[in-house]
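From first to last, the protein sequence lines are chains V and R.
So for the first sequence, our numbering puts the first residue at 8; every next one is plus one.
So for the second sequence, our numbering puts the first residue at 62; every next one is plus one.
Built from N, CA and C at the ideal position, the CB exists for glycine as well.
Everything below concerns the one structure shown next.
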Amino acid sequence: MKKIAKIITFSAIATVSILALPQFTSAKPEPKKNTAPSIQEDISYNRDIRPILSDKCFFCHGPDPETREEGLRLDIREEAIKGKAIIPGHPEKSPLIDLIYTHDQTKIMPPPRSHKKLTNQEKQLLSDWIKAGAEYEPHWAYQAPKRKNQDTIDSLVAKNLKRKGLTLANPTNPSTLLRRLHFDITGLPPTPEEVTAFTKAHASDPHQAVASATDKLLASPHFGERMAVKWLDAVRYADSVGYHGDQSSEVSLFRDYVINSFNKDLPYDQFIIEQIAGDLLPNPTTSQRIASSYNRLGQMSQEGGIQDKEYIAKYQAERVRTTSASFLGSTMACAECHDHKFDPITAKDFYSFAAYFSDILEKGAWTGDGKYQDDIKKYLKPNILLKVNNRERYGPYLKVPDQDNIAKNKKIEAQIQTLIKEHLIAAPQTETNINNWLNDLRSSSPAKDIPFIDETLEKQPKISSNKNAVKLETITPEQGPVHTGTHARKQTANETGQHFVRLHSPISIHSESTIYKWVYLDPKNPPSSIMIQLIGGPITRRAYWGQSTIQYGKKAGGIQYHKIGDLPETGKWIRLEIPASTLQIKPTEHIHQATFTQHNGIVFWDSFGINTTKNIAERSKLTPNITKIVDTPNAESNPDNKNTLTLHHLTHTPHTTTQQKQIQQLITQKSHSNHKFRTIPTTISAKRRVVRLLPRGDWTNQDGPIVQPAPPEFLTKGKKIGDTRLDLAKWIASPDNPLTARVFVNKLWSQFFGSGLSNSIGDFGLQGEYPSNPELLDWLAIEFTKKNWSIKQLIRTIVLSKTYQQTSTPGGTFIKQDPFNRLLARQTQLRLPAELIRDNALAVSGLLNPKIGGRSVFPYQPKGYYRHLNFPKRTYKQSTGENQYRRGIYTHWQRTFLHPMLKNFGAPAREECSTERPDANTPLQALTLLNDPTFTEAARALATKLLKENSDNLVQRTMMTCLSRQPTTEELNILTKLHQDELKRFTIDPRAAQKFISVGASPPPPPTEIPTPQLAAATSLARTILNLHEAITRY
Amino acid sequence: MNAINRRTFLNHGLAGIGSLALSRLYAAESSDSKDKLPHYNPKIKRVIHLCMAGGPSHLESFDYKKELEKLHRQDMPSSFTKGQQLAQLQGRALKCMGPQWKFNKHGQSQTEISEIFPHIAKHADDICVIRSMHTEQINHDPAHTFMNTGSIIPGRPSMGSWVLYGLGSESQNLPGYVVLTSAGGGQGQPISSRQWSNGFLPGHLQGVEFQSAGSPVHYVQNPAGISDQSQKNVIDAVNQLNGINAKRTEHRDIATRIEQYELAFRMQTAIPELMDTKGETQQTLDLYGCKPGDGSFASNCLLARRLAERGTRFIQLYHRGWDHHGQVKKGTAATAKHVDQGTSALITDLKQRGMLDETLIIWGGEFGRTPMAQGSGRDHHIKAFSIFLAGGGIKGGITHGETDELGYGVAKDPVSVHDLHATMLHLLGMQHDALTYKTQGLDFKLTGVEPARVVKEILS
């Protein structure tokens, strides 16, 4: 409204020009398109006026002072009046009206350069509104919701429909309804048996049938998986860090948390608090700590050359975007660079919000250049790690026992105990054998040398040296002195030099033993000191001869630097001896490496070993636990010890019974599941970083003011909110927050109807859509908070409504008139989300592994898809066994290269918070369903399952299994023909049939069970049905 | 029928009803674009973006700096760099590094081009070099994202998707937005599929990446044991059954799905046909100097021409190999060798076929490199870098913009990434600030919130 001021200045001329406009020359305004007589009374600022002003005017005449023109604001009534744009009651005198109607292209508002235009209807509305007094209303979403208690979902929908002269559509048929409930609540299809049972129950008592089906589904552990799909989009859950090298990041514990929380119906307010600030709750549980990793799920970078501060700025901005969009339905993103153009969110609000997260212990650059804001070591505890798999990448990490493997091992352990009992009955001599073995280990024979380094040994140890400081040569007797066998090692050192010997297996050294080593010191060039170092167990032991010139271990002293004596005589072979007791070596510590060090000079090193009275070979096989039992007299009288010895014996001797064989197999399975821990980047509250307002979002500009944590001012309205993340979380999760409950119930509504009541799910700001049924949205929000934020109860209320149970195929012109079903005069036909398309195919085929939770899995994926990934390069290893058949939600989520099946069906990369998935219909979807091996394999598994029962009515049964209904005659004819044609083709070409049924990792049944052409043809049939629009749609 | 549909129909009039269905599929959702598209008469039909990933050094390619040569190995004057953001050089002593390659003047225009591009230099009079590009992001991943989507926030649509959203595709059988990649000559920076994402735009507008190994497009091959005929039988049955369903449920999506299955089947034939270069003459193959199917940049250039002929609207060729932190001399020459002949051949080939005038070629990286040495190499640099444009509506044989005497900052006629986008859209007949899409309550544009301008000076 650039010209207003001028017009006002030359008011005389302006008046003339206004009067010259035809629509105001007569008392009657321009004829209305909509001929409703008293439109003024019906006008709602929130519904009718604000959307126009916000979209068409606020960019230049709204909250952002930087882009504000002529100092005029239209978002505040007083300002609009003070600025003389609006004269309440007098559209004909209001310059705003003049300027929207003018034909003068230099004056018209909005100006042509904005590419915004007002429709005649919008102009009329503005005019009528001013005439009625130009009353403003506070933005609907920022006001506390209100409701009348006698209302229900159905009454409020009916009321809305009545205004349009409509009523609710008929209820849908029972089988469609059951499918709808299944896909909406658990995401898995009903079995034909469930459909039959439900149809029967529905006929006698529809309400009861739906209620009990709903309760059963809500109690299913698959409910949490279904609910998690959208939630994980919102909180940008992914298995890789996104930026640059997009390295993997193990975060699956968070997904388990989300699934479990939905399953146990964790109240939504708690759910919010735990994610934003679970770590700050008093004595947080492990689950709450995992929840707070929400803060660590954003993208991170390890790109070389990135600046710490720059990426801290990126991470903090991302947290503001995600937290404000997913919990508050507010698009704060814009305010990173400038005050919001439409919403009353200032740049200061943005950075004050960001400051809430400034306590999170992290780096910006996850490279060597980045720094934690506080000493990370202060926070490391047994369950808080800096490194995972010896690598420091995106720490700190929370370490949590892997319940899957613990449970698995427990199960194996129990099986083993049963088998031991059975074995002892089947082989009663076992006990005697164990006693004999124990006696042998305990007895002493005459002492003898047992060499470990000697070329006469069958297995040679690995020898290496620090090449910079020494020269190590293996010499023969012709080249110099050799003590044992054919070679010795000549070591020439410049200052301190050493060579390392890795023993081929760790050895147990009994404390009564002596360690020996043969050396020959060069008389012309002797060292100043020599040292033998033994490594194993928790610490290293060092014994030395001569001066203390070798520095290794000197500081530590004691058994880490123990002097045995002076240098031995030079020019002859000397046997050095170290009593094990001198270095306090315990038999439970297995020595795996010996190091031979010298300071200067030349030393020839030869045979190394132990002199002992014990059966060292047998002893070295023992675990520390068993060694302790062996060395404690009569320890076997304790039953636990006895059991341990028995198990050791049974797994280390050739099997004599089938039970013993099974025990040996089970033990290897147990050791395979040695992933005892899972980890996740964790949120640790540390020293707060200083957060500044970054002018225009520029992190290099550190001139902006320092800000303190605070929610957006317009929402708190002066109320003081604390400055910790927990304070923020509690403020968001409060029933007094007008946005939180509304945003969530709206999101939930969209899951059950396709569109939200306000269809801008992530934006409840001024540009957001005014709800199609604001009373219903408020009713749901209050219902939700009143029932203790119970998601399950709210879902129950929704699905038991008539509105939900309407048909989605009402006939007539409903669908054309209201394609997005904003009126709710029917249900909506919804394409299943990507994950559910996969789940459905696996479920109907019987391939689905219904396991809940756990690490991410790797379904079949086209070769070479990860070839652009670097630092490090990666190859995709598809999951084997049952893990290949997990639900889609468990698929490894590689942000930069999301699995193509998920991507093709619109799943987001989750680099950012996404509140909606774009609805697309592409040829890539068709190609996926047709050619992705997952679907071909599922079709074959389904065909196998059905043919194993019998081969009657195959078309009908396949259809029933996949679509929960019988085919029509027309459909039956088409599919029967296809089936017969395929059978013919595969009978003629059995090789093609064989290839076709071999797709996938699971084996097809042998041809003796189902002839190959029959199976292939039935697979074609199932594949066709799985490709139908109906198979990926919920009606 | 809006403007786009009409034009698509005219172009494919002979193909009959199929093209109508398709135009509906690929056309812009006019409810979101405020005006009819194109906004005015387009100069070009398509864009081929030769994306030199890693950040080619402008100082060894298109921007000769004599003064820098003089200051070789001397301290970089601190007046240039004080308080400025550097990448890996942050906090280190800064020394100048003179241009590592000789520059010669070429063509009637006497455009200065480095000797590492003997083939491109032959087109000196066809190309417009912009020496005053600048960008906002100093690391590869965000800089690519910014170059492609005009935003550093992930999840925004790439320029190819925007173009497709505005104009639709002219191909009936192939995707409208295709991405091909190659590597060589330097460290292969990772490239995210975010770079060709449709973001919040509808999914059919996404870039489809063609693979150099295996089947060129995911899931384009029939399952083992399934012949084309058998595949067709299945698709026919699916479509018949979907047709019956459509009558019953009146859902508009089903009609689209039927079209998708038809298109999928046509793609399964069209893609092998596209990739099969048997029909190319020896002369053409020699021009590109490649063995078709070898996954090289030159091979991709040949495929780009074939895609252009078949109506693909937006083609992006990534060559990953320009990140020369060390050995910038050897490195730039090595990488140039990978891309020089292919680029030149593409220009020649399109010209010979009369297609250059209807194509915009953009050659350039996500940023440039520092005038300061990083050992034997150069660090990332965002204050100034060079790109070149060629094709319809572009003045050939000119250079636009200048850097300062050391090639550090822009001295004259700066061109931002958003300006480049605005110019590209303009050539396609679209006004950049009118090509908008509303989501989450906001009108998004490729060119962002800040003002952007069409670089009129380079337009013919």
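Span of the alpha helix (DSSP H), counted from its first residue to its last, around residue i
| i | result |
| --- | --- |
| K532(R) | The question about residue 532(R) has no answer, for chain R in this structure spans 62 to 521. |
| G403(R) | 389-413 |
| P997(V) | 997-1004 |
| E1056(V) | The requested residue 1056(V) does not occur in the structure, where chain V is confined to residues 8 to 1042. |
| S791(V) | In the sequence as presented, Ser is not what sits at residue 791(V); that position holds Phe. Unbroken alpha helix (DSSP H) run through F791(V): 781-793. |
| Y873(V) | Looking at the DSSP string, Y873(V) is not in any alpha helix (DSSP H), and its letter there is neither H nor E. |
| A550(V) | A550(V) -> not in any alpha helix (DSSP H); beta strand (DSSP E) instead, spanning 547-553. |
| R233(V) | 229-241 |
Spatial distance of residue i from residue j (CA atoms)
| i | j | result |
| --- | --- | --- |
| V714(V) | R696(V) | 11 Å |
| S258(R) | L849(V) | 28 Å |
| G564(V) | K478(V) | 28 Å |
| K4(V) | P484(V) | Because chain V is modelled from 8 through 1042, residue 4(V) falls outside the range shown and cannot be assessed. |
| K517(R) | A736(V) | 51 Å |
| H494(V) | E462(V) | 7 Å |
| D93(R) | D105(V) | Any reading at D93(R) must be qualified, since the residue scores a pLDDT of 40, below 50, and its modelled position is unreliable; no value is offered. |
| H279(R) | R732(V) | 44 Å |
Cβ neighbour criterion (16 or more within 10 Å) applied to residue i
| i | result |
| --- | --- |
| R107(R) | buried |
| N938(V) | buried |
| S33(V) | Below a pLDDT of 50, predicted positions are generally treated as unreliable, and S33(V), at 31, falls in that range; no measurement from the model is reported. |
| E270(R) | buried |
| N396(V) | exposed |
| E369(V) | buried |
| G140(V) | exposed |
| S219(V) | exposed |
| H167(R) | buried |
| S512(V) | exposed |
| R170(V) | exposed |
| P102(V) | buried |
| A43(V) | Since pLDDT at A43(V) reaches only 37, below the 50 mark, its modelled position is unreliable, and the value read off the structure follows with that caveat. Exposed: under 16 other Cβ atoms inside 10 Å. |
| K473(R) | exposed |
Limits of the unbroken beta strand (DSSP E) element including residue i
| i | result |
| --- | --- |
| K497(V) | 495-500 |
| Q605(V) | 597-606 |
| Y358(V) | Counting along the chain, Y358(V) falls outside any beta strand (DSSP E), though it belongs to the alpha helix (DSSP H) covering 354-362. |
Near the ligand PLP: residue i beta-carbon under 7 Å from a heavy atom
| i | result |
| --- | --- |
| F326(R) | This structure simply doesn't include the ligand PLP, nor any ligand for that matter. |
Chain V contact residues for residue i, given Cβ-Cβ distances below 8 Å
| i | result |
| --- | --- |
| L28(R) | Nothing about residue 28(R) can be read from this structure; chain R reaches only from 62 to 521. |
Within chain R, partners of residue i - CB distance below 8 Å
| i | result |
| --- | --- |
| F878(V) | P251 |
| K394(V) | Those do not exist, as K394(V) stays about 24 Å from chain R at its closest Cβ, beyond 8 Å. |
Under 7 Å by beta carbon: chain R residues contacting residue i
| i | result |
| --- | --- |
| P930(V) | Q321, L324, A325, M328 |
Interface partners of residue i on chain R, CB under 9 Å
| i | result |
| --- | --- |
| F904(V) | S253, S254 |
Chain V residues whose Cβ lies nearer than 7 Å to that of residue i
| i | result |
| --- | --- |
| L225(R) | Chain V residues near L225(R): none, gap ~12 Å exceeds 7 Å. |
| Q501(R) | T338, S767, G769, D770 |
Subject >> At least three beta-carbon pairs within less than 8 Å, the stretch 570-590 of chain V to the stretch 519-530 of chain V >> reply: yes
Subject >> Touching by the beta-carbon criterion (3+ pairs, under 8 Å), the stretch 222-230 of chain R and the stretch 484-498 of chain R >> reply: Using a Cβ-Cβ distance cut-off of 8 Å, the stretch 222-230 of chain R and the stretch 484-498 of chain R are in contact, since at least three pairs of beta carbons, one from each stretch, lie closer than that value.
Original post:
If you pair each beta-carbon of the stretch 203-219 of chain V with each one of the stretch 243-263 of chain V, do three or more pairs fall below 8 Å?
Top reply: no
Subject >> Segment contact flag, the stretch 281-293 of chain R with the stretch 232-248 of chain R, C-beta cutoff 8 Å, min 3 pairs >> reply: no
Original post:
Quick one: any contact between the stretch 119-127 of chain V and the stretch 747-756 of chain V, if contact means 3 or more CB pairs under 8 Å?
Top reply: With a cut-off of 8 Å, the stretch 747-756 of chain V and the stretch 119-127 of chain V do not count as touching, because too few Cβ pairs lie within range.
Original post:
With contact counted as at least three CB pairs below 8 Å, one residue from each stretch, are the stretch 591-608 of chain V and the stretch 494-509 of chain V in contact?
Top reply: yes
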